[in-house]
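Residues 180 to 390 (my numbering) make up the sequence shown, in order.
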Amino acid sequence: MERTTVPSVKDVWNEERHMIVAELAANEGQKDQAVRASWGCLEYVPIVISPPLDFVGDISVAGSPPEWRFPNTTEAELAGFFHEAGLTNAEKDTLFRAVRHDSEATGLRLLPEPDVVRSLSSTARAHIYHRLGCSPLNPVHNNAFRFTGTTLEQWFDDANVATKTIELVAPYVYRNGSMLFFADWDLVFPEVTDTGERRQLVSALAREATV
Numbered sequence: 180m181e182r183t184t185v186p187s188v189k190d191v192w193n194e195e196r197h198m199i200v201a202e203l204a205a206n207e208g209q210k211d212q213a214v215r216a217s218w219g220c221l222e223y224v225p226i227v228i229s230p231p232l233d234f235v236g237d238i239s240v241a242g243s244p245p246e247w248r249f250p251n252t253t254e255a256e257l258a259g260f261f262h263e264a265g266l267t268n269a270e271k272d273t274l275f276r277a278v279r280h281d282s283e284a285t286g287l288r289l290l291p292e293p294d295v296v297r298s299l300s301s302t303a304r305a306h307i308y309h310r311l312g313c314s315p316l317n318p319v320h321n322n323a324f325r326f327t328g329t330t331l332e333q334w335f336d337d338a339n340v341a342t343k344t345i346e347l348v349a350p351y352v353y354r355n356g357s358m359l360f361f362a363d364w365d366l367v368f369p370e371v372t373d374t375g376e377r378r379q380l381v382s383a384l385a386r387e388a389t390v
């Protein structure tokens, strides 16, 4: 008599799990974001979460001057890097006047003027800040606020932040891949004089996209 093998619960679940993964992959990108399968209809909705204001303390407005540190970098290498970033000649000249040798990092240190930092194009900012963020010597850039999305509107959608405050942030936002970044809080926070508004801003900047 032929013996019948009864699948275990684990085997059934593994089979169903593989089906779910395959169907999710096949339906990725559908606008209705719903997947139908033998086990029913799975629908996922993008949401944004942020820390409660009770967890956001008062933020100091004593911003420090911008500082860029380039470890193990020569002036010739920095000149080439700035050229790759697409900086204008005026921007490059202004930045190089702020270059100092950095013995601790065996490289270079810059204290760029705030106006120059603000005027950077989003492309140039992304190019420069990505490199700065790779070094712990640049904690502001290494720990930049980040959000998975493509527009500032998505980042601040339904956030209780004044339009004029968002406009202060906008020039400093840059993109790297599928994420938006904001690192220049030390230039923006001092301009937000209301404590409550600063806390709302920090809460919004710390948001995360999920489903």
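Where is the CB? At the ideal position from N, CA and C, for every residue including glycine.
Member of Pro250, Glu346, Ala383, Asp373 whose CA lies at the smallest distance from the CA of Ala338: The option with the nearest alpha carbon to Ala338 is Ala383.
Top-ranked residue by Cα proximity to Val340, from Glu270, Asp373, Arg248, Pro315: Asp373 is the residue among Glu270, Asp373, Arg248, Pro315 whose C-alpha sits nearest the C-alpha of Val340.
Coarse secondary structure for Asp211, derived from DSSP in three states: Any reading at Asp211 must be qualified, since the residue scores a pLDDT of 49, below 50, and its modelled position is unreliable; no value is offered.
Whole-number beta carbon distance between Ala305 and Arg354, since they are thought to touch under 8 angstroms: The pair is a contact, with the Cβ atoms about 6 angstroms apart (cut-off 8 angstroms).
Contact test: Arg354 Cβ vs the ligand ATP heavy atom, cutoff 7 angstroms: The model on display carries no ligand, and the ligand ATP is accordingly not part of it.
First through last residue of the beta strand (DSSP E) which encompasses Tyr351: Element bounds for Tyr351: n/a, residue is neither H nor E.
Three-way DSSP call (helix, strand, coil) for Glu222 in this model: Of the three classes helix, strand and coil, the one that applies to Glu222 here is strand, per DSSP.
DSSP three-state assignment for Asp363, whether helix, strand or coil: Correct three-state label for Asp363: coil.
Beta-carbon separation (whole angstroms), Arg288 vs Arg248, contact threshold 8 angstroms: Right, the Cβ-Cβ distance comes to about 5 angstroms (below 8 angstroms), so this counts as a contact.
Separation of Gly312 from Pro318, as counted between CA atoms: Straight through space, the alpha carbons of Gly312 and Pro318 are spaced by roughly 7 angstroms.
Per-residue DSSP class, three states only, for Gly259: Gly259: helix per DSSP, three-state reduction.
First through last residue of the alpha helix (DSSP H) which encompasses Thr374: Start and end: 374-384.
Residue from Ala303, Pro250, Ser301 whose Cα sits closest to the Cα of Glu283: When each option's Cα is compared against that of Glu283, the closest is Pro250.
Continuous beta strand (DSSP E) stretch holding Thr327: start and end: Taken as a continuous stretch (DSSP letters only), the beta strand (DSSP E) holding Thr327 covers 324-327.
Closest residue to Phe326 among Ser301, Ala303, Gly356, Ser314 (Cα-Cα distance): With distances taken between Cα atoms, Phe326 lies closest to Gly356.
Where Asn321 falls: helix, strand or coil (DSSP): DSSP places Asn321 in helix when its eight states are reduced to three.
Phe275: first and last residue of the uninterrupted alpha helix (DSSP H) it sits in: Where Phe275 is concerned, the enclosing alpha helix (DSSP H) stretches over 268-275.
Beta-ladder partner(s) of Arg279, from DSSP: Per DSSP, Arg288.
Continuous beta strand (DSSP E) stretch holding Phe368: start and end: Segment: none, Phe368 is in no beta strand (DSSP E) and carries neither H nor E.
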